[in-house]
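Asker: I am attaching a structure below and will ask some questions about it afterwards.
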Ligand code: HEM
């Protein structure tokens, strides 16, 4: 029998429609790019819908993001939130762990993404970048999304699991593309012709490769991230098991290149569209170049490039939002959300709040200049890397890599966005221009 308070709570659910039985509003969510935006315009920071048979609430805006990512994060589970496809394809990795297990593993992995270790990645990142710049010069015209994917995957696979340039990287990169296509597959059936079936096959091949590398690193650690994880010990002397190492390696490879590819592509597209911004960014680089070759110290002296990347993060966030399972019922803005429901917090629409960002649809890196700092008006207004205790673990790695690539592009190259292509944003699996960005590329004259 219901208690009176339960009934009162159920009457106090967030506004919105649950849609059709079983399917709910899944199709609108997947195919109407403005679905979440319309929910926000109609109902505000919290509203309900139903996705694949599960009652779901959208949580949008800085206050909602702070609630989910920080102040009430104990009400939420990552494992219970992200779709089953993620579990099947990416395994029991950090991304899908909660509580003590997550805290212990994040502590073990963190040193590989900060401080000394991070500084040690500079030369590999730069060396691989230089090789691609020479290749692009030779090619003259290409699709930049595809090329950035190869470049960032080569950097990730070399630094994370010590893969050799060449066949290994090319083959693994293709397998990852197939795996990624399965993450948001609407038909999650394992048949040879479905994207899920193909993704599972790609996962098995990747795991075969990764298992072999894990065994090699256990016998002979090198200087890649996997070797650090093989040797990492918790306070009780415990280490990662082989199964854990495999899952964490898969996750790092996946997370370590899809997102940076997206941001770099938008960086080049927006600069191609905004010549004045491009010229100011080049000027900043010209001044620094006078003091010598690119180095770590110089990377810390590029405030305008930082502003541009913040604006790309805001306007073109690679990850549009994050799923959570509700493990403790909660109240937000006076509405009750029961245990077992799904929460989807929005990054994309939080970045378009009109009370924080002036002309939010406009590309304007100066909104982050020291005298404007629009995002500082409220915490959790710029959340392209998530936020709170579980902020993206690779944030410093990604920023280092993107700034090295961007600095070289700005110092020595020019590009022209070719006509007759569809550059509309397409959100899945990470935000990209629909046709990927075809350009004409050459050294600066
Ligand atoms: C432009 C680049 C990147 C963007 C925009 C990005 C974005 C994000 C976001 C939004 C989250 C949080 C998702 C949520 O709250 O549900 C996240 C988490 C994570 N990211 Fe990234 N990411 C980037 C690069 C990387 C790289 C390079 C790595 C590793 C090599 C990485 C590893 C991770 C991991 C392990 C988590 C889960 C952290 C945890 O749960 O403790 N990311 N990332």
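In this note's numbering, the protein residues as written are 2 to 446. Beta carbons: idealized from backbone N, C-alpha and C, even for Gly.
Since I believe residue 192 is in contact with residue 198 (beta carbons under 8 Å), could you give me their beta-carbon distance rounded to a whole number of angstroms?
Answerer: Counting from one through the chain shown, the residue named residue 198 turns up at place 197. Counting from one through the chain shown, the residue named residue 192 turns up at place 191. At roughly 5 Å, the Cβ-Cβ gap stays under 8 Å, so residue 198 and residue 192 are in contact.
Asker: Taking its Cβ as the centre, do 16 or more other Cβ atoms sit within 10 Å of residue 111, making it buried, or is it exposed?
Answerer: Position 110 of the chain shown, counted from the first residue, corresponds to residue 111. So residue 111 ends up on the exposed side.
Asker: Tell me which residues share the same chain as residue 341 and place their Cβ nearer than 7 Å to its Cβ, disregarding the 5 neighbours each side in the sequence.
Answerer: Within the chain shown, the letter at position 340 stands for residue 341. For residue 341, where only same-chain residues beyond five positions count, the Cβ hits under 7 Å are 327.
Asker: Does residue 242 pass the burial test, meaning 16 or more other C-beta atoms within 10 Å, or should it be called exposed?
Answerer: In the chain shown, the residue the question calls residue 242 occupies position 241. With fewer than 16 other Cβ atoms within 10 Å, it is exposed.
Asker: Quick one: does the C-beta of residue 342 sit closer than 8 Å to a heavy atom of the ligand HEM?
Answerer: As a first step, residue 342 must be located in the chain shown, where it is residue number 341. No - the ligand HEM has no heavy atom lying nearer than 8 Å to the Cβ of residue 342.
Asker: Find the nearest neighbour of residue 437 within the set 186, 150, 310, 179, judged by alpha-carbon distance.
Answerer: Your numbering for residue 437 matches position 436 in the chain shown. When only C-alpha atoms are compared, the closest one is 150.
Asker: So what's residue 126 in DSSP terms, helix, strand or just coil?
Answerer: As a position in the chain shown, residue 126 is number 125, starting the count at 1. Helix at residue 126.
Asker: Within a Cβ cutoff of 8 Å, which residues of the same chain sit near residue 371, ignoring the five residues on either side of it in sequence?
Answerer: Counted from its first residue, the chain shown places residue 371 at position 370. Hits under 8 Å: 304.
Asker: Can you tell me the Cβ-Cβ gap for residue 373 and residue 312, rounded? I've got them flagged as a contact below 8 Å.
Answerer: Mapped onto the chain shown, residue 373 falls at position 372. Mapped onto the chain shown, residue 312 falls at position 311. So it is not a contact: roughly 11 Å between Cβ atoms.
Asker: Could you pull the DSSP bridge partners for residue 443 from this structure?
Answerer: Walking along the chain shown from the start, residue 443 turns up at place 442. Paired residue(s): 415.
Asker: Are there 16 or more other CB atoms within 10 angstroms of the CB of residue 43, so buried, or fewer, so exposed?
Answerer: Here residue 43 refers to the residue found at position 42 of the chain shown. Answer is exposed; the Cβ neighbour count stays below 16.
Asker: Starting from residue 50, follow the alpha helix (DSSP H) in both directions and report where the run begins and ends.
Answerer: Numbered from its first residue, the chain shown carries residue 50 at position 49. Counting along the chain, residue 50 falls outside any alpha helix (DSSP H), though it belongs to the beta strand (DSSP E) covering 47 to 52.
Asker: Under three-state DSSP, which class holds residue 78?
Answerer: For the purposes of this step, residue 78 is taken as the residue at position 77 of the chain shown. Of the three classes helix, strand and coil, the one that applies to residue 78 here is strand, per DSSP.
Asker: Closer than 6 Å is what we want: which residues have a beta carbon that near any heavy atom of the ligand HEM? List them in chain order.
Answerer: Result: 95, 96, 107, 252, 253, 256, 257, 260, 261, 264, 319, 320, 323, 385, 386, 387, 391, 393, 394, 395, 398, 399.
Asker: Excluding five sequence neighbours on each side, which residues of the same chain lie with their C-beta closer than 6 Å to the C-beta of residue 122?
Answerer: One-based indexing of the chain shown puts residue 122 at position 121. The residues are 160.
Asker: In terms of residue numbering, what span does the alpha helix (DSSP H) encompassing residue 57 cover?
Answerer: Here residue 57 refers to the residue found at position 56 when the chain shown is read from its first residue. It is not in any alpha helix (DSSP H) - residue 57 instead sits in the beta strand (DSSP E) that spans 55 to 61.
Asker: Measuring CB to CB, does residue 132 end up less than 9 Å from residue 157?
Answerer: Looking up residue 132 in the chain shown gives position 131. Looking up residue 157 in the chain shown gives position 156. Not a contact, by the Cβ cut-off of 9 Å.
Asker: Give the list of continuous alpha helix (DSSP H) stretches no shorter than 4 residues that lie fully inside the region 162 to 227.
Answerer: Listed in chain order, they are 168 to 184, 196 to 220.
Asker: May I ask which residues mark the beginning and end of the beta strand (DSSP E) holding residue 323?
Answerer: In the chain shown, the residue the question calls residue 323 occupies position 322. It spans 322 to 327 - the beta strand (DSSP E) in which residue 323 sits, taken as one unbroken run.
Asker: Answer yes or no: do residue 317 and residue 77 have a C-beta to C-beta separation smaller than 9 Å?
Answerer: As a working mapping, residue 317 is identified with position 316 in the chain shown. As a working mapping, residue 77 is identified with position 76 in the chain shown. Cβ distance not < 9 Å, so residue 317 and residue 77 don't count as in contact.
Asker: From this set, 335, 385, 365, which residue's C-alpha is nearest residue 352's C-alpha?
Answerer: Translated into the one-based positions of the chain shown, residue 352 becomes position 351. The option with the nearest alpha carbon to residue 352 is 385.
Asker: State the Cα-Cα distance for the pair residue 427 and residue 237, rounded to the nearest angstrom.
Answerer: Counting from 1 along the chain shown, the entry for residue 427 is found at position 426. Counting from 1 along the chain shown, the entry for residue 237 is found at position 236. Approximately 46 Å, taken between the alpha carbons.
Asker: Please return the same chain residues whose Cβ sits closer than 6 Å to the Cβ of residue 154, not counting the five positions on each side in sequence.
Answerer: On the chain shown, position 153 is the one that residue 154 refers to. 174, 258.
Asker: Consult DSSP for residue 116 and reduce its assignment to one of helix, strand or coil.
Answerer: As a working mapping, residue 116 is identified with position 115 in the chain shown. Helix, per DSSP.
Asker: Less than 9 Å separating the beta-carbons of residue 388 and residue 67?
Answerer: Residue mapping note: residue 388 aligns to position 387 of the chain shown, counting from 1. Residue mapping note: residue 67 aligns to position 66 of the chain shown, counting from 1. Contact flag set, yes.
Asker: Roughly how many whole angstroms lie between the Cα atoms of residue 307 and residue 263?
Answerer: As a working note, residue 307 is residue 306 in the chain shown. As a working note, residue 263 is residue 262 in the chain shown. Approximately 17 Å between the Cα atoms of the pair.
Asker: Buried or exposed: where does residue 52 fall if 16 or more other Cβ atoms within 10 Å of its Cβ makes it buried?
Answerer: What you label residue 52 is simply residue 51 of the chain shown in a count that begins at 1. By the 10 Å Cβ count, residue 52 comes out buried.
Asker: Leaving out the 5 sequence neighbours to the left and right, which residues in its chain are closer than 8 Å to residue 147 when beta-carbon positions are compared?
Answerer: Stepping through the chain shown from its first residue, residue 147 is reached at position 146. Here the set comprises 437.
Asker: Apart from the five residues on each side of it in sequence, which residues of its chain come closer than 8 Å, Cβ to Cβ, to residue 97?
Answerer: Locating residue 97 in the chain shown gives position 96, where the first residue counts as 1. So the qualifying residues of the chain are 79, 80, 83, 87, 88, 91.
Asker: If we ignore side chains and look at the alpha-carbon of each, how far apart do residue 75 and residue 402 end up?
Answerer: Within the chain shown, numbered from 1, the residue matching residue 75 stands at position 74. Within the chain shown, numbered from 1, the residue matching residue 402 stands at position 401. Approximately 33 Å between the Cα atoms of the pair.
Asker: Mind reading off the beta-carbon distance from residue 283 to residue 411? Whole number of angstroms is fine, and I expect it under 8 Å.
Answerer: Numbered from 1 along the chain shown, position 282 holds the residue referred to as residue 283. Numbered from 1 along the chain shown, position 410 holds the residue referred to as residue 411. The pair is a contact, with the Cβ atoms about 5 Å apart (cut-off 8 Å).
Asker: Rounded to a whole number of angstroms, what is the C-alpha to C-alpha distance between residue 1 and residue 250?
Answerer: Absent from the structure is residue 1, since the part of the chain shown begins at 2 and ends at 446.
Asker: Taking the continuous beta strand (DSSP E) assigned at residue 142, which residues delimit it?
Answerer: Translated into positions along the chain shown, residue 142 becomes position 141. Taken as a continuous stretch (DSSP letters only), the beta strand (DSSP E) holding residue 142 covers 142 to 144.
Asker: Hey, out of 162, 200, 300, 194, whose CA is closest to residue 221's CA?
Answerer: Within the chain shown, the letter at position 220 stands for residue 221. Measuring from the Cα of residue 221, the nearest candidate turns out to be 162.
Asker: Straight-line CA distance for residue 105 to residue 252?
Answerer: If you number the chain shown from 1, residue 105 lands on position 104. If you number the chain shown from 1, residue 252 lands on position 251. Using only the alpha carbons, I get a separation of about 17 Å.
Asker: Please classify residue 493 as buried or exposed, where buried requires at least 16 neighbouring CB atoms within 10 angstroms.
Answerer: Since the first residue of the chain shown is 2 and the last is 446, residue 493 is not available in this structure.
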